[in-house]
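Using numbering that gives the first Met the number 0, read the sequence shown as starting at 0 and increasing by one per residue.
All remarks here apply to the structure that follows.
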Amino acid sequence: MIVLVTATGTDAGKTAFTRGLARALRRRGVDVVAVKPFETGVDQVAEDAAALERAAGVAAPGPWYRASAPVAPWAATLMGEPAPAWEHIVDGLRSLADRHVVTLVEGAGGPRVPIDPEREILDLAVELGAKVLLVAPDTLGVLSFALTAWDAVKARALEAELVLRGVAEPDASARTNALVLNQKLGRACVVLPFVAAVEDDDALADAVEASAPSLFGLLG
C-alpha cells in the first residue's frame, strides 16, 4: 500500500506526522518505509528524508529529486537546477512498494505544488493509486486552507483523510476548527495533540497511537 502525506502548505507538520506514523507502524511490526521523493532547500543532506528513514528504520535510496533552492521543484528548474526525473521517481516508488507492506510518501508543500509544467504533487497519488493523508495545523485560517486542499484532493477521486495537528500556542479557533471541518466534510477528521518533543520519533508515535487509531484501519 502507498500513502501520500501532503498538507495545506509548507511547515504544516508533514514530516513530524509522517515520522510519528512510520514509527508507530514499525512498533506494530508493520514492514514500513518512509520516503520524501522531492525535497528542496537541500544543502548537503536531505534532512527530512533522512529523518523519515530513521523513524521507519529502513533506508530508502532512489532517484529522488533534490534542489538547493527552497522553492517548488518546477520553480527550482526555472532557476537553473535540474528538472525532476518524473518517470524514474515514480518507478522508484513502485519498486519500494513492491518490497514493503506500507510505503509512506511525503510530498513537498501542498497538494498542488508543481513538479514540472504538467504535473503536481497530487499526480503522484493518481499514478501510484495512493491513499492521501492531508495534514493541516489547528490554527486560525485552517478552515479555508483545509477545505480548499480537500477539494483539490477529491477532484482527483482520491481516498483521503484529514489530519488536524495541534500547535504549540493554540488560538481561539482551535475550540471549533475540528467541529466545523467535520460538518463541512461530512466525516470526522483525525485530531492530533501538539507534541513538544518534536525530535523524538517515539513521542510522535505515541501521539499517533493515542489519537489516530482510525489511521491504522485505513492502512490495514
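Ideal Cβ positions, reconstructed from N, Cα and C, are used throughout, including at glycine.
All values reported here derive from a predicted model rather than from experimental measurement.
Other residues of its chain near residue 119: CB distance less than 8 Å, five sequence neighbours each side excluded: 110, 111, 112 and 113
Entirely enclosed alpha helix (DSSP H) segments - the stretch 136–189, minimum 4 residues: 141–153 and 176–184
Proximity below 8 Å, CB of residue 211 to CB of residue 189: Yes; because the gap between Cβ atoms is below 8 Å, this pair is in contact.
Residue span of the alpha helix (DSSP H) that contains residue 127, given as start and end: Boundaries of the alpha helix (DSSP H) around residue 127: 120–127.
Assigned exposure category for residue 100 - 16 Cβ within 10 Å defines buried: Label assigned to residue 100: exposed.
Spatially closest choice to residue 39 from 6, 29, 73 and 31, by CA coordinates: 73
Same chain only: Cβ atoms within 6 Å of residue 207, ignoring 5 sequence neighbours per side: 19, 20 and 23
Inter-stretch contact (C-beta, 8 Å, three-pair minimum) for the stretch 139–157 and the stretch 38–57: no
Where the alpha helix (DSSP H) through residue 193 begins and ends: Looking at the DSSP string, residue 193 is not in any alpha helix (DSSP H), and its letter there is neither H nor E.
Rounded Cβ spacing between residue 80 and residue 67 (contact assumed at less than 8 Å): 7 Å
Nearest-angstrom beta carbon gap, residue 133 and residue 162 [assumed within contact, 8 Å]: 7 Å
Run of the alpha helix (DSSP H) containing residue 89, from where it starts to where it stops: 85–98
Segment limits, alpha helix (DSSP H) that includes residue 44: Where residue 44 is concerned, there is no enclosing alpha helix (DSSP H), given that its DSSP letter is neither H nor E.
Candidates 49, 4 and 82: closest to residue 115 by CA position: Considering only 49, 4 and 82, the residue with the shortest C-alpha distance to residue 115 is 82.
Assumed close pair residue 61, residue 44 - CB separation to whole angstroms, cut-off 8 Å: About 16 Å separates the CB atoms of residue 61 and residue 44; that is not less than 8 Å, and the two are not in contact.
Within 8 Å, strictly: CB atoms of residue 2 and residue 135: Taking 8 Å as the Cβ cut-off, residue 2 and residue 135 do not qualify as a contacting pair.
Other residues of its chain near residue 25: CB distance less than 7 Å, five sequence neighbours each side excluded: If you ignore the 5 residues before and after residue 25, its C-beta comes within less than 7 Å of the C-beta of 31, 55 and 56, all in its own chain and listed in chain order.
According to DSSP, residues forming a beta bridge with residue 37: 64
DSSP state of residue 9 mapped onto helix, strand, coil: Three-state DSSP puts residue 9 in coil, outside helix and strand.
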